[in-house]
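Q:
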Amino acid sequence: MNKAHYIIALDQGTTSTRSIIFNTRGQEISLSRHEFTQHYPQLGWVEHNPEDIWSDTVYTIKNAIAKASLEGKTSKIAAIGITNQRETVVIWNRKTGKPVYNAIVWQDRRTANSCRALKEEGLEKTIYEKTGLLLDPYFSATKIAWILDNIPNVRSEAERGELAFGTIDSFLLWRLTGGKVHATDATNASRTLLFNIQTQSWDPELLKIFNIPASILPEVKDNSTLFGTTDPALFGNSIPIMGMAGDQQAALIGQACFEPGMVKATYGTGCFMLLNTGDKIVTSQNRMLTTTAYRLNGKPTYALEGSIFVAGAAIKWLRDGIGIITHASQTNDMATKVNDNHEVYMVPAFVGLGAPHWEPDVKAIITGLTFNATAAHIARAALESIAYQTYDLAEAMKKDSLEEISSIRVDGGMSANDWYCQFLASIMNTTVERPAYIETTAMGAAYLAGLGCGIWNNIEDITTNWSEGSTFKPAMEQAERERKLKGWRLAFKKALLKE
1 MNKAHYIIAL DQGTTSTRSI IFNTRGQEIS LSRHEFTQHY PQLGWVEHNP EDIWSDTVYT
61 IKNAIAKASL EGKTSKIAAI GITNQRETVV IWNRKTGKPV YNAIVWQDRR TANSCRALKE
121 EGLEKTIYEK TGLLLDPYFS ATKIAWILDN IPNVRSEAER GELAFGTIDS FLLWRLTGGK
181 VHATDATNAS RTLLFNIQTQ SWDPELLKIF NIPASILPEV KDNSTLFGTT DPALFGNSIP
241 IMGMAGDQQA ALIGQACFEP GMVKATYGTG CFMLLNTGDK IVTSQNRMLT TTAYRLNGKP
301 TYALEGSIFV AGAAIKWLRD GIGIITHASQ TNDMATKVND NHEVYMVPAF VGLGAPHWEP
361 DVKAIITGLT FNATAAHIAR AALESIAYQT YDLAEAMKKD SLEEISSIRV DGGMSANDWY
421 CQFLASIMNT TVERPAYIET TAMGAAYLAG LGCGIWNNIE DITTNWSEGS TFKPAMEQAE
481 RERKLKGWRL AFKKALLKE
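The sequence shown begins at 1 in UniProt numbering and counts up by one.
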């Protein structure tokens, strides 16, 4: 057992950065969170300023340390674990550490035409067989190529070995270590369209397809290992960075879904459902993704994944876009206030549609509005839409795995909404389990760091640490369920209509 008492989990998400300090029993000691600005320079473009993310990282870690009364006592911190928004791309100068362009976010759709052209060349089959991913602007490779081809001098600088690419984890690792370490982990690498999940290495054929020089790529490591140590000038002491994983894989670990067949769904900005398939790579016939769930001691575990691009982001739009709520928690009361959905449906395709549809050009719609519809009906429709999309993912996964999903573990901000969890259980006709601690993404990062430094010995220790908070059972007649799903399918067909 490591004698240090605490672990820092750095959870760098799409809309905010959080640092949480846990003790060796996995209990939260302090939390610091800071939202940062989203940039939308053109229709369909989404960017972040990497310097905002970096400054928030330093601020939240320092603030969490202060809240835990650990200033001047950082020797008591055993390790840092990092989890991050996946697929988001940063390219920076190796000498100066400065980004050559804003981070292009996973939600960004600017490379839809590039993906379409590669599909027309018949390359999607090769890419899918190697990566488990489909050709979509969601993933990193076409974003990297866009920066190389559209920002002056960047391609020539990259080919001279002057630049480094990374997803957010890699960029933060570089900065935290004072520019000494350029690395990533197997889960983040597996979301780039450049990483072969069978060989667990960068793939030369994929690099050629996307015209990306290998010199800019980070080293790929296991999820729980020594990535490097922080620059002592940052926090007063060098702290080992011992764990790293993309946010959805970190949540899978935080939910202790280590057995094949176990399923988790994380409701943050988007919703991401992962089904553990063990050491078996399951090839989807229903446009699900196959991804590295985690890699420990050089041994990869795989998962099927379904990605919903808009979940909590739809609730954020209710607040910031049309102003019918002032806080996300209000949606619970609003949904409860009305007897039914009044046949109001939302298809929240604000940034296109993810699995199993992969329609980058579809726009969001609300159908069924009458003069009797209220703000409460729209709020309820937003919540319901996320459950319907989760149902669609589950049905596709069942076809691929040939197994029923008997239960699903949920986490993330929306999972705190009791009404939503109950509706999800009823629509999916399965048990929904919510853990006692719902910030499982950060918890997963802490577990990985703790595994790396000896606080936890193995995944069995993590499994015993997981505790259930609430359980939701189906409570809807089959006829009612079918009626609601039929209404969803009709609304969905309307969203797919194109001029």
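Backbone N, C-alpha and C fix where the C-beta goes; we use that ideal spot for every residue, glycine too. Everything numeric in this text was worked out from a predicted model, so none of it was measured.
Taking only the alpha-carbon atoms, compute the straight-line gap between residue 150 and residue 100 and give it to the nearest angstrom.
A: Position 150 of the sequence shown, counted from the start, is the residue given in the question as residue 150. Position 100 of the sequence shown, counted from the start, is the residue given in the question as residue 100. Rounded to the nearest whole angstrom, the C-alpha separation of residue 150 and residue 100 is 11 Å.
Q: What residue does the beta strand (DSSP E) around residue 273 start on, and which one ends it?
A: The residue given as residue 273 occupies position 273 in the sequence shown. Segment 271-278, the beta strand (DSSP E) holding residue 273.
Q: Would you tell me roughly how many angstroms separate the C-alpha atoms of residue 269 and residue 246, rounded to the nearest one?
A: By 1-based counting over the sequence shown, the position of residue 269 is 269. By 1-based counting over the sequence shown, the position of residue 246 is 246. So the two alpha carbons sit approximately 14 Å from each other.
Q: For residue 372 and residue 63, I'd like the C-alpha separation in whole angstroms.
A: Counting from one through the sequence shown, the residue named residue 372 turns up at place 372. Counting from one through the sequence shown, the residue named residue 63 turns up at place 63. Cα to Cα, the separation comes out at about 48 Å.
Q: Can you name the start and end residues of the beta strand (DSSP E) that residue 422 belongs to?
A: Position 422 of the sequence shown, counted from the start, is the residue given in the question as residue 422. Unbroken run through residue 422 is the alpha helix (DSSP H), 418-428; no beta strand (DSSP E).
Q: Going by Cα to Cα distance, which pick from 229, 95, 88 is closest to residue 453?
A: What you label residue 453 is simply residue 453 of the sequence shown in a count that begins at 1. The candidate whose alpha carbon is nearest that of residue 453 is 229.
Q: Taking 8 Å as the cut-off, does the region 114-132 touch the region 165-180 (at least 3 CB pairs, one atom from each stretch)?
A: no
Q: Would you call residue 1 buried or exposed, if buried means 16 or more other Cβ atoms sit within 10 Å of its Cβ?
A: Stepping through the sequence shown from its first residue, residue 1 is reached at position 1. Only weak support is given to the placement of residue 1: the predicted model assigns it a pLDDT of 45, under 50, and the value that follows is read from those uncertain coordinates. When all chains shown are included, residue 1 counts as exposed.
Q: Classify residue 371 as helix, strand or coil using the three-state DSSP reduction.
A: Taking the first residue of the sequence shown as position 1, residue 371 is located at position 371. Residue 371 carries a coil assignment under DSSP once its states are collapsed to helix, strand and coil.
Q: So for residue 84, helix, strand or coil by DSSP?
A: For the purposes of this step, residue 84 is identified with residue 84 of the sequence shown, where counting begins at 1. Note: residue 84 maps to strand in three-state DSSP.
Q: According to the neighbour-count rule (16 or more other Cβ atoms, all chains shown, within 10 Å of its Cβ), is residue 322 buried or exposed?
A: Within the sequence shown, the letter at position 322 stands for residue 322. It is exposed - the Cβ of residue 322 has fewer than 16 other Cβ atoms within 10 Å.
Q: Tell me whether the beta-carbon of residue 381 lies closer than 8 Å to the beta-carbon of residue 356.
A: Working through the sequence shown from its first residue, we reach residue 381 at position 381. Working through the sequence shown from its first residue, we reach residue 356 at position 356. Here residue 381 is not near residue 356, since their CB atoms are 8 Å or more apart.
Q: Mapping the DSSP letters down to three states, classify residue 323 as helix, strand or coil.
A: The residue you call residue 323 lines up with position 323 of the sequence shown. Residue state, collapsed to three classes: coil.
Q: Return the first residue and the last residue of the beta strand (DSSP E) that residue 136 is part of.
A: Residue 136 sits at position 136 when you count from the first residue of the sequence shown. That residue, residue 136, is in no beta strand (DSSP E); it is neither H nor E in DSSP.
Q: Please check the pair residue 6 and residue 78, which I expect to be a contact at CB under 8 Å, by giving their CB distance rounded to whole angstroms.
A: Position 6 of the sequence shown, counted from the start, is the residue given in the question as residue 6. Position 78 of the sequence shown, counted from the start, is the residue given in the question as residue 78. About 7 Å; that satisfies the 8 Å criterion.
Q: Under the rule that 16 or more other beta-carbon atoms within 10 Å means buried, what is residue 377, buried or exposed?
A: By 1-based counting over the sequence shown, the position of residue 377 is 377. When all chains shown are included, residue 377 counts as buried.
Q: Suppose the cutoff is 7 Å on Cβ atoms and the five residues either side in sequence are ignored; what does the same chain contact list for residue 94 look like?
A: For the purposes of this step, residue 94 is taken as the residue at position 94 of the sequence shown. Closer than 7 Å at Cβ, skipping near neighbours: 162, 163, 164.
Q: Whose C-beta lies closer than 7 Å to the C-beta of residue 139 among residues of the same chain, with five residues either side of it excluded?
A: In the sequence shown, counting from the first residue as 1, residue 139 sits at position 139. Correct list, in chain order: 87, 133, 191, 192, 193.
Q: Taking the alpha carbon of residue 128 as the point to measure from, which residue in 261, 232, 69, 281 has its own alpha carbon closest?
A: Against the sequence shown, residue 128 aligns to sequence position 128. The option with the nearest alpha carbon to residue 128 is 281.
Q: Tell me which same chain residues have a C-beta within less than 6 Å of the C-beta of residue 499, skipping the five on either side of it?
A: Here residue 499 refers to the residue found at position 499 when the sequence shown is read from its first residue. Any reading at residue 499 must be qualified, since the residue scores a pLDDT of 44, below 50, and its modelled position is unreliable; no value is offered.
Q: Which of the three DSSP states, helix, strand or coil, is assigned to residue 332?
A: Along the sequence shown, read from residue 1 onward, the residue named residue 332 stands at position 332. Residue state, collapsed to three classes: helix.
Q: From residue 136 to residue 360, what does the alpha carbon distance come to, in whole angstroms?
A: Here the question's residue 136 lines up with position 136 in the sequence shown. Here the question's residue 360 lines up with position 360 in the sequence shown. Near 8 Å, if we compare the C-alpha coordinates of residue 360 and residue 136.
Q: Residue 251 to residue 444, Cα distance in whole Å?
A: Reading the sequence shown from its first residue, position 251 is the one you call residue 251. Reading the sequence shown from its first residue, position 444 is the one you call residue 444. Their Cα atoms are separated by approximately 6 Å.
Q: Can you look up residue 499 in the DSSP assignment and give me helix, strand or coil?
A: Indexing the sequence shown from 1 puts residue 499 at position 499. Any answer about residue 499 is weak, because its pLDDT of 44 lies below 50 and its placement is not dependable; what the coordinates show is given next. It is coil, neither helix nor strand.
Q: If the criterion is Cβ atoms closer than 8 Å, does the pair residue 343 and residue 487 meet it?
A: Within the sequence shown, the letter at position 343 stands for residue 343. Within the sequence shown, the letter at position 487 stands for residue 487. Yes, the Cβ-Cβ distance between residue 343 and residue 487 is below 8 Å.
Q: For residue 34, which beta-bridge partners are listed by DSSP?
A: The residue labelled residue 34 in the question sits at position 34 within the sequence shown. Paired residues: 17.
Q: Could you pull out every residue in the same chain whose Cβ sits closer than 6 Å to the Cβ of residue 33, ignoring the five residues on either side in sequence?
A: Here the question's residue 33 lines up with position 33 in the sequence shown. Cβ within range, chain order: 16, 18.
Q: Could you tell me the alpha carbon to alpha carbon distance between residue 141 and residue 210, rounded to whole angstroms?
A: For the purposes of this step, residue 141 is taken as residue 141 along the sequence shown, with counting starting at 1. For the purposes of this step, residue 210 is taken as residue 210 along the sequence shown, with counting starting at 1. Across the structure, residue 141 and residue 210 are spaced so that their CA atoms are roughly 7 Å apart.
Q: Cβ of residue 442 within 8 Å of Cβ of residue 9?
A: Residue mapping note: residue 442 aligns to position 442 of the sequence shown, counting from 1. Residue mapping note: residue 9 aligns to position 9 of the sequence shown, counting from 1. The criterion of a C-beta distance shorter than 8 Å is satisfied by residue 442 and residue 9.
Q: Would you kindly report the start and end of the unbroken beta strand (DSSP E) that includes residue 452?
A: Taking the first residue of the sequence shown as 1, we reach residue 452 at position 452. Looking at the DSSP string, residue 452 is not in any beta strand (DSSP E); the run it does join, the alpha helix (DSSP H), is 440-453.
Q: Taking its Cβ as the centre, do 16 or more other Cβ atoms sit within 10 Å of residue 12, making it buried, or is it exposed?
A: Taking the first residue of the sequence shown as 1, we reach residue 12 at position 12. Residue 12 comes out buried.
Q: Contact between the region 334-343 and the region 270-290: three or more CB pairs below 8 Å?
A: no
Q: Given residue 419, which residues of its chain have a CB within under 6 Å of its CB, disregarding the five upstream and five downstream residues?
A: The residue you call residue 419 lines up with position 419 of the sequence shown. If we look at residue 419 and ignore the five residues flanking it on each side, its Cβ neighbours are 332, 335, 336.
Q: My output table needs one value for residue 511: the three-state DSSP class, helix, strand or coil.
A: Given that the chain is displayed from residue 1 to residue 499, the structure contains no residue 511 and the question cannot be resolved.
Q: Across which residues does DSSP place residue 79 in a beta bridge pair?
A: Numbered from its first residue, the sequence shown carries residue 79 at position 79. Answer is 7, bridged to residue 79.
Q: Leaving aside the five residues before and after residue 296 along the sequence, list all residues of the same chain whose C-beta is less than 7 Å from its C-beta, in chain order.
A: As a working note, residue 296 is residue 296 in the sequence shown. For residue 296, where only same-chain residues beyond five positions count, the Cβ hits under 7 Å are 222, 223, 224.
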